[in-house]
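First the structure, in the form of structure tokens, and then the observations on it.
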Amino acid sequence: MTIKASCHCRATTFEVSEAPLTVTQCTCSFCSKRGSLWAYYTPSQFKLTSPLKNVSFYRWGSKTIKHGFCATCGCGTFTETPDWSTGKPDFDNPKISVNSRLFDDFDLDQVELVVIDGKNLW
Numbered sequence: 000m001t002i003k004a005s006c007h008c009r010a011t012t013f014e015v016s017e018a019p020l021t022v023t024q025c026t027c028s029f030c031s032k033r034g035s036l037w038a039y040y041t042p043s044q045f046k047l048t049s050p051l052k053n054v055s056f057y058r059w060g061s062k063t064i065k066h067g068f069c070a071t072c073g074c075g076t077f078t079e080t081p082d083w084s085t086g087k088p089d090f091d092n093p094k095i096s097v098n099s100r101l102f103d104d105f106d107l108d109q110v111e112l113v114v115i116d117g118k119n120l121w
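Taken in order, the sequence shown gives residues 0 to 121; the numbers are from numbering that gives the first Met the number 0.
Set out below in structure tokens:
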């Protein structure tokens with residue numbers, strides 16, 4: 000089941016190959032200010048359907064995570080990141096975190112919410 004997503008102005012669009020089983024709310028300073036609910040995918044499960052030039056990127060701290068946002072309206076869209084499931088970056092297994100709040104025609108209330116204490120973890 001492909002799920003389509005778009006930013007507020009629709010200049011940045013993408014799709015994922017399946018519905019998330021969970022979405023993650025991170026309490027770190029960046030994620031909490033951004034207000035995203037993250038769904039995680041492999042690169043093969045994600046497809047940017049708008050031109051890459053419509054996306055800008057922000058890197059901070061260790062510069063290992065590439066945070067995407069719409070270059071027109073500023074909505075946080077997706078993040079390119081190594082796998083952090085072991086607590087350390089695994090660059091051989093990249094992940095795409097998508098802001099599930101941007102899913103079109105999808106009921107997020109039906110998906111389990113997981114909270115990560117990013118404020119105190121890193």
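Every residue gets a Cβ at the ideal spot worked out from N, C-alpha and C, and that includes glycine.
Open item on the list: Taking DSSP's pairing of strands, which residues face I64 in a bridge?
Closed with: Paired residue(s): none; I64 is not in a bridge.
TODO: State yes or no: is the C-beta of Y40 within less than 7 Å of the C-beta of V15?
DONE: It is a contact, given that the beta carbons lie within the stated cut-off.
Open item on the list: So, with DSSP's three-state summary, where would you put P50?
Closed with: DSSP places P50 in the coil class of the three-state scheme, outside both helix and strand.
Task: Whether S35 touches N98 by CB criterion (7 Å) - done: Cβ distance < 7 Å, so S35 and N98 count as in contact.
- [ ] Thinking A10 and N53 are a contact (beta carbons under 8 Å), I'd like their distance in whole angstroms, please.
- [x] With a beta-carbon spacing of about 5 Å, A10 and N53 fall inside the 8 Å limit used to define contacts.
- [ ] Starting from the Cα of S43, find the closest Cα among R33, F13, F105 and give me that residue.
- [x] Nearest option by C-alpha distance: F13.
Task: Enclosing alpha helix (DSSP H) for K94 [first to last residue] - done: Unbroken run through K94 is the beta strand (DSSP E), 89-98; no alpha helix (DSSP H).
Task: For T78, the nearest candidate out of C72, W59, T71, I115 (CA to CA) - done: Considering only C72, W59, T71, I115, the residue with the shortest C-alpha distance to T78 is W59.
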